[in-house]
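Enquirer: In our numbering, the protein residues as written are 3 to 553.
Take this structure first; my questions come after.
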């Protein structure tokens, strides 16, 4: 997380925690023991002459903040393969290469193990100056450009130089680059490309794009960085903030993050979307390499590629989260977790911020007539793999959705700038079953939270019966309206409002979300277990759209 060098000895000023703080400096420990089961299937509909599958195994590792141990690794194949070969690549990653011949039935693979993961968020001291000198040949491997990480590209080099022009320490250079990526890349699903240049030019991508662009900018600055492949787990953990908690959550499945080299600290774990100098006990590392081609599972088959599917189950046998908030900083825009790191540096001249400001939440156009706005981009289905000819590669991406008919109540904010009559709100959802109804409360904002009923502006949508929502694969719009026929529309005056999803009966519904804050700022999604306190901030934006008529 970005600490600012103010003098020769890198003095850190701890200030009160304003509500606008985005980087949270933490102290404490996370420690978990997790029983993992990874189910992989290939759906063989017709005979397959050959199927070859290369997949990564979980690894053991330890660095200054994060460690991982693996016990009881067991792999079962149905049917039995013709051959199984253990493979260790040039980076020390462990893979299995498995081959089946003359298949007449579907293939099932079960990988089970227990992961012991610990993150120690303690203060670190670094004396690594920038530009970085004296990198060993072993670590300098991770300065090489690749097809996905184009660190030798002129535009990448120019941007990296601009971002690090005033850095005096490696820590400063790393934070400047990662703050820019966080503020300028929007998370999206099923991107057409995963490389650094595409990510820089479009400002969009998934976890692979975030990692590739971050690594390219770091390597262009002479800082070794490598991509990490593994599994993320959908097990929430909370960080204390002012008047509540920040809830850390992510989808369960394949995930990419990174490690960055400091000469005096070694390799440190970073998740460009969530944390710095450590990763949580919700990250299980499998592999690392120059880019995602080194870390992904892949397979080939003849005469056709059978459909691939994966299901991951995680049971936390123990889970200790002992975290305290030590300080906060105002960058980047989205919330990021970090431990405290100090570094010695020469005095620097104050410069204006490098990260360009994030655009505000998209309001209705300033003209009369029908308008539609919101966080509207989402995939009907999340791709599990990518095929090129007869070869397929696993995509490190997964569904992200919240079970919103649980004990918690969830709310998403939006802003209007012109008086409008609201016709309806649509949410990207998936119905699993149950009975009852869904409906929406639109409540005006009260100091950054939904206002109290009866004391704030509020309007309720018409009820939507679960029977009237088709059960389909993936996610789709569920529409809520606020008036029947020719009834007058409720009017929203300029301001901030909250969409609160409510239900009756035993509805079982998920609401899709996008990691990070692609729509508004990092205080625009909240939840509460008590119904009115809205004590939890969430690290994502729900998918929604608002329709109305500007008056």
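Every residue, glycine too, gets a C-beta built ideally from N, C-alpha and C.
1) Along the chain, where does the beta strand (DSSP E) containing residue 118 start, and where does it finish?
2) Short check: CB of residue 218 to CB of residue 158, under 8 Å?
3) Among residues of its own chain, excluding the 5 on either side of residue 351, which ones have a beta-carbon nearer than 8 Å to its beta-carbon?
4) What residue range is occupied by the uninterrupted beta strand (DSSP E) comprising residue 25?
5) Under 6 Å Cβ to Cβ from residue 394, same chain only, skipping five residues before and after it: list those, please.
6) Verify whether the separation of the beta carbon atoms of residue 121 and residue 280 is less than 8 Å.
7) Please report the residue range of the alpha helix (DSSP H) in which residue 217 lies.
8) Could you check the C-alpha separation between residue 418 and residue 371 for me, to the nearest Å?
9) Would you decide whether residue 546 is buried or exposed? Buried here means 16 or more other CB atoms lie within 10 Å of its CB.
10) With a threshold of 8 Å, are at least 3 pairs of Cβ atoms found where one atom belongs to the stretch 196–211 and the other to the stretch 487–498?
11) In whole angstroms, what separates the C-alpha of residue 320 from that of residue 154?
12) Check whether the stretch 194–206 and the stretch 124–142 are in contact - that is, three or more C-beta pairs closer than 8 Å.
13) Please classify residue 434: is it buried, with 16 or more other beta-carbons within 10 angstroms of its beta-carbon, or exposed?
14) Smallest Cα separation from residue 273: which of 318, 52, 183 and 93?
15) Going along the chain, which unbroken runs of the alpha helix (DSSP H) with 4 or more residues stay wholly within the stretch 144–195?
16) Taking the C-alpha atoms as reference points, what is the distance between residue 17 and residue 505?
17) Does the pairing of the stretch 77–90 with the stretch 27–37 give three or more beta-carbon distances under 8 Å?
18) Quick test of the definition: if touching needs 3 or more C-beta pairs under 8 Å, does the stretch 277–292 touch the stretch 331–346?
19) Out of curiosity, what's the CA-to-CA distance linking residue 521 and residue 544?
20) Name the one or two DSSP bridge partners that residue 312 has.
21) With a 10 Å radius around its C-beta and 16 neighbouring C-beta atoms as the bar for buried, classify residue 150 as buried or exposed.
22) My output table needs one value for residue 84: the three-state DSSP class, helix, strand or coil.
23) Cutting at 6 Å between CB atoms, please list the residues of its own chain near residue 116, excluding the five before and the five after it.
24) Return helix, strand or coil for residue 401, following the three-state DSSP convention.
25) Going straight from the alpha carbon of residue 123 to that of residue 246, what length do you get?
26) Can you say whether residue 298 is buried or exposed, counting buried as having 16 or more other CB atoms within 10 angstroms of its CB?
27) Please report the straight-line C-alpha distance between residue 498 and residue 446, rounded to a whole angstrom.
Expert: On the basis of the supplied data:
1) 109–123
2) yes
3) The predicted position of residue 351 is uncertain, since its pLDDT is 43 and thus under 50; no value can be drawn from it.
4) 25–45
5) 301, 307 and 387
6) Inclusion of residue 121 and residue 280 in the CB contact set at 8 Å is warranted, their separation being smaller than that value.
7) Its alpha helix (DSSP H) spans residues 209–222.
8) 14 Å
9) buried
10) With the cut-off at 8 Å, the stretch 196–211 and the stretch 487–498 do not touch.
11) 45 Å
12) Fewer than three pairs of CB atoms, one per stretch, sit closer than 8 Å, so the stretch 194–206 makes no contact with the stretch 124–142.
13) exposed
14) Ranking the options by Cα distance to residue 273, first place goes to 183.
15) Runs found: 156–166 and 172–186.
16) A caution first: residue 17 carries a pLDDT of 32, below 50, which makes its placement in the model unreliable, though a value can still be read off. If I take the Cα positions, the gap works out to 42 Å.
17) no
18) yes
19) Roughly 9 Å between the two C-alpha positions.
20) 42
21) buried
22) coil
23) 37, 73 and 74
24) coil
25) 21 Å
26) buried
27) 6 Å
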